[in-house]
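Written as structure tokens, this is what we have:
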């Protein structure tokens, strides 16, 4: 005889899987929203190493996470607090690596304000 608890657990997994397939994937939605905001096009899963979103002058890799590290959000807050009318950025440096390989981080709203579609014409 089957264990009712086991059957219930299996049914819950199946229901969750069906629900997950029914609704649009969150990371796909995020890629679409970023493409719209940056005036680009979402390429989707191509099976090749390509950008998630492209425009005339941007090649965007979108990373969607449930939660971002607090220290990273704190760094942006600190940069914004001291920026005044300047563009607030955070430079991430890995010890022992070349500074040319450092990463630059900024808020999307700040990027749009400084480099938005009005100002992004290539050339």
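Numbering (our numbering), first residue to last: 2 to 124. A virtual CB, placed ideally from N, CA and C, is assigned to each residue, including glycine. Predicted, not measured: the structure shown is a model, and the values here were computed from it.
Distance CB(residue i)-CB(residue j) smaller than 8 Å
i, j, result
"residue 32", "residue 63", "yes"
"residue 92", "residue 103", "yes"
"residue 89", "residue 111", "yes"
Rounded separation between residue i and residue j - CA only
i, j, result
"residue 59", "residue 94", "23 Å"
"residue 35", "residue 69", "17 Å"
"residue 15", "residue 61", "35 Å"
"residue 8", "residue 78", "49 Å"
Close Cβ partners of residue i (< 8 Å) along its chain, the five nearest in sequence each way excluded
i, result
"residue 38", "109, 113"
"residue 42", "36, 54, 55, 56"
Beta-carbon contacts of residue i that lie in its chain and below 7 Å, excluding the five residues immediately before and after
i, result
"residue 67", "none"
Would you check if there are 3 or more beta carbon pairs closer than 8 Å linking the region 45-53 to the region 71-82? no
The region 50-63 contacting the region 80-96, beta-carbon criterion three pairs below 8 Å: no
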